[in-house]
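Reviewing the structure listed below.
Chains as they are written, first to last, in our numbering: chain C, 8 to 207; chain R, 8 to 207.
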C-alpha cells in the first residue's frame, strides 16, 4: 500500500511519474509493465509501491495533476482578465496552450479512451473535473447577467468535446498544426459567444 | 486482390462485414484475426480475399457504409423539413438515432481512435465525410441568408466533436442513457442556434 502523502518524497514521486509517462508514450500504456517503470527510475520495487498501488494508479495520478494544472492556469488568467465575454473566448488560448505544452500527457489522453474500463474510469474523473469547471464558469456568467440563460452542462460538454477532438487531430492525426488547432477552437467559441453573450 | 465491385456478390460481402463487426465488438478489433472472420462466415479463405484486401479494408468498408447511411438519413429528413433554422437542431435527433441504431458500429467508432495509424486513417476518412456534410449544410444556411456568416468548418468540427463525445459517454462509459445523450446534443445545438440563426 502507498505511504500517506505526508511521508512521501515529492521528488521521488515525480520521478516515477515522469518515467512512467515517457514509457507510456514510447511503447503505449498497455505495453509498459510496472517493472520497466521501476527499472527506468533506478529505484527498488519497494519504493515504487510506497507511491503507487499499480499502473492504473500512476495514470490516475498523472491525469489528476494535469487537470489541476489546466484549471489553475485558467484561474490565473481570470485574475488578469475580468471581462467575462472576452475571457469566454480567450481563456481557450490559455487552456489549449497547457495541453500543447504537455504533449506527452495530451497524447496519452487522446489515445487511451475506450481501451479498458479502468482507464475509462480515470479519464472520466479527469474530464469530470474539467466539465465541472467549465459548467461553473458558464453559470457564473449567467448569474452575473453577462450570458444568456442557456443550459450550462450540455454547453460545457460541447466545449470539452471540441478541445479533445482538435487535440486528437493535432497530436494523433497530425492533420492540423498547433496554431490551426488553437485558431479553430477560438473560432468555435466566437460562434458560441454570439448566442451566449447578452447584447448590450 | 479483391474482385471488381460488379463481380462481387452483395450478400456474401454483407455477410463478411457482419461477421467481422460481431467479432470486433465481442473481442476487440486487435484481437480478431482474419481467419476467425473467415471461420465465422463459413466461406473459404479465397472468398474472403475476393472481397477484402485485409482486416483494415473491412474496417474501412464498415465505416464507409456507415457514413453513407448517416448522411442519407439526414438528407431524407431534409426532404420533409425545409425550415433551415429548425432543422439545424432537429436533424441531430435523426443523426444520433442512426448512431444509436447501429450500436456495434458506434462502439467500434468510439473505441478504436488513436490505436494505430491505419485505423486512424480509416476513421479520418469517415469523419471527413461527416465534416464536409456538416460544413456544406452550414454554408448553405449562410448563403440562403438564414444563418449569420460564421466560419463553417470550425463549427462543423465542434458539432462532430460533441456527437462523438456524447456517443462515447453513452456507449463506452454508460454515464448517460440514449435519451439523455440526444437531449444534451439537442440542447447544445439550441445554444449554438441562438447565435447562428439570424433574428427575423
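For every residue, glycine included, the Cβ atom is placed at its ideal position computed from N, Cα and C.
For clarity, every value in this text was computed on a predicted model and none was experimentally measured.
- 165/C is the residue among 165/C, 21/C, 156/C whose C-alpha sits nearest the C-alpha of residue 195/R.
- Cβ-Cβ distances below 8 Å link residue 111/R to 28, 29, 31, 32 in the same chain, with the five nearest sequence neighbours on each side left out; the list follows chain order.
- Within the same chain, and ignoring the five residues on either side of residue 10/R in sequence, the residues whose Cβ sits closer than 8 Å to its Cβ are 57, 58.
- If you draw a straight line from the Cα of residue 154/C to the Cα of residue 202/C, it comes to about 9 Å.
- Beta-bridge analysis with DSSP links residue 154/C to 204/C.
- At least one CB of chain C lies nearer than 8 Å to the CB of residue 198/R.
- Secondary structure at residue 123/C: coil, using DSSP grouped into helix, strand and coil.
- Around residue 182/C, the same chain offers 176 as residues with beta carbons nearer than 8 Å, after the five sequence neighbours per side are excluded.
- A direct Cα-to-Cα measurement between residue 68/R and residue 152/C gives close to 50 Å.
- For the C-beta of residue 173/C, the chain R residues within less than 8 Å are, from N- to C-terminus, 164, 168.
- Sequence-distant Cβ neighbours of residue 15/R in its own chain, meaning closer than 8 Å and more than five residues away, are 9, 57, 58.
- Proximity of residue 184/C to chain R, defined by a Cβ-Cβ separation below 8 Å, is not satisfied.
- Along the stretch 116-137 of chain C, going in chain order, the ones with a CB nearer than 8 Å to a CB of chain R are 117, 118, 119, 120, 121, 122, 127, 131.
- Within the model, the alpha-carbon separation for residue 204/R versus residue 189/R is close to 21 Å.
- In this structure, residue 170/C places its C-beta atom within 8 Å of the C-beta atom of residue 102/C.
- Counting the other Cβ atoms within 10 Å of the Cβ of residue 79/C gives fewer than 16, which makes it exposed.
- For residue 83/R, the enclosing alpha helix (DSSP H) starts and ends at 62-87.
- Residue 179/R reaches chain C at 120, 121, 127, counting residues in chain order whose Cβ is nearer than 8 Å.
- No Cβ of chain R is located within less than 8 Å of the beta carbon of residue 16/C.
- Think of a sphere of 8 Å around the beta carbon of residue 195/R: the chain C residues whose beta carbon falls inside it are 161, 162, 164, 165, in chain order.
- Between the alpha carbons of residue 115/C and residue 36/C lies a gap of roughly 8 Å.
- Look at residue 195/R here: in three-state DSSP terms it is helix.
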